[in-house]
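> Please read through the structure below; I'll follow up with questions.
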Amino acid sequence: MMNLTMTRKTVFLVGPFAAALTIGAVSLPAHAAIALDRTRVIFDGDLKTVSLNISNQNKQLPYLAQGWIEDDRGNKIQSPFTVLPPVQRVEPGKPSQVKIQSLPAARQLPQDRETLYYFNLREIPPRSNKPNTLQIALQTRIKMFYRPAALAPKKNAAPWQEQLTLTRQGDKYVVNNPTPYYVTIVEASAGKGGKGAAGFEPLMVAPKASAPLNVSAASLGNGPSLAYINDYGGRPQLNFRCAGNACQVVPVAK
């Protein structure tokens, strides 16, 4: 089980008292100068590069944008993917692009399931001429999924997330993912249109794996509803029908 949210932003204090703080732990105002055009990257196996659009939201100052890739354990890597350019200057109010390029080693990745990476984008503000100035910069971290060409979704096919099942074990529901794709669950409620369960924590279920929901089965009832993140950042719902301890998705009528 991986308990990970969709996007993480980290505040960096630039200067004599430099530190890194995750947003939420501090009450500092945090508005990114360098903006990214998406919340996740799908790197299809038949592609050599994927282009990401970035822009400098600051209308007065240029910023540097630094990008890199991490593996699923958070280690910075140079292969099988790399970011070009690794650092670039983005003029005030202007757009630019970052490219993620696959290297020959990508051919050695598993071809029967997705592989998880993280794309990181850090903004670097221009040096201030004023003494003892505290500067704030942000780092954005989003999921990147390498998806083998053989796993490209078929046109008009039902979402693979509808293959998820739930198994009740004691007072918990376990999410079973029989698919070769990662699935990120961001909300759980007791039935379609119900209020989200208090204390629910988003989780990501790896391909062909299972993970328990952190809220009680009693709070979700016998017809749980889960919301997941799709390839486009949307949040469709999965409505389940349970019989005994086993729950199946009720397909959406077309």
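Residue numbers (mature numbering (1 follows the signal peptide of the UniProt record, and there is no 0)): -32 to -1, 1 to 222. Built from N, CA and C at the ideal position, the CB exists for glycine as well.
1) For I2 and A125, I'd like the C-alpha separation in whole angstroms.
2) Just to check my reading of the structure: residue 225 and G35 have Cβ atoms closer than 8 Å, yes? What is that Cβ distance to the nearest angstrom?
3) For Q129, count neighbouring Cβ atoms within 10 angstroms of its own Cβ and tell me buried if that reaches 16, exposed if not.
4) What residue range does the alpha helix (DSSP H) around L188 cover?
5) Using only the alpha-carbon positions, how far apart do Q216 and D12 sit?
6) How long is the line joining the alpha carbons of N145 and R75, rounded to whole angstroms?
7) Look at the Cβ atom of F49, then the Cβ atom of I22, and state whether they are nearer than 8 Å.
8) Could you name the residues of the same chain whose beta carbon sits closer than 6 Å to that of G201, not counting the 5 residues immediately before and after it, in chain order?
9) Is the beta carbon of L181 less than 8 Å from the beta carbon of Y141?
10) How many Å lie between residue 292 and A73 at the Cα?
11) Closest by CA to V218, which one among D199, G159, G212, A185?
12) Return the chain-ordered list of same chain residues with a C-beta closer than 6 Å to the C-beta of P63, the five sequence neighbours on each side being excluded.
13) Per DSSP, which one or two residues make a beta bridge with T147?
14) List the residues that DSSP assigns as beta-bridge partners of E155.
15) Under DSSP, the beta strand (DSSP E) around G35 begins and ends at which residues?
In brief:
1) 36 Å
2) What the structure shows of the chain is the stretch from -32 to 222, and residue 225 is not part of that stretch, so it cannot be assessed.
3) Result: buried.
4) Counting along the chain, the unbroken alpha helix (DSSP H) around L188 starts and ends at 185 to 188.
5) Distance between the alpha carbons of Q216 and D12: 29 Å.
6) 25 Å
7) no
8) Excluding the 5 residues flanking it on each side, G201 has same chain C-beta neighbours closer than 6 Å at T7, in chain order.
9) yes
10) It is not possible to answer for residue 292, since the shown part of the chain is limited to -32 through 222.
11) G159
12) Only S23 meet the Cβ criterion.
13) Paired residues: none, contrary to the question.
14) The bridge partners DSSP lists for E155 are A195.
15) 31 to 39
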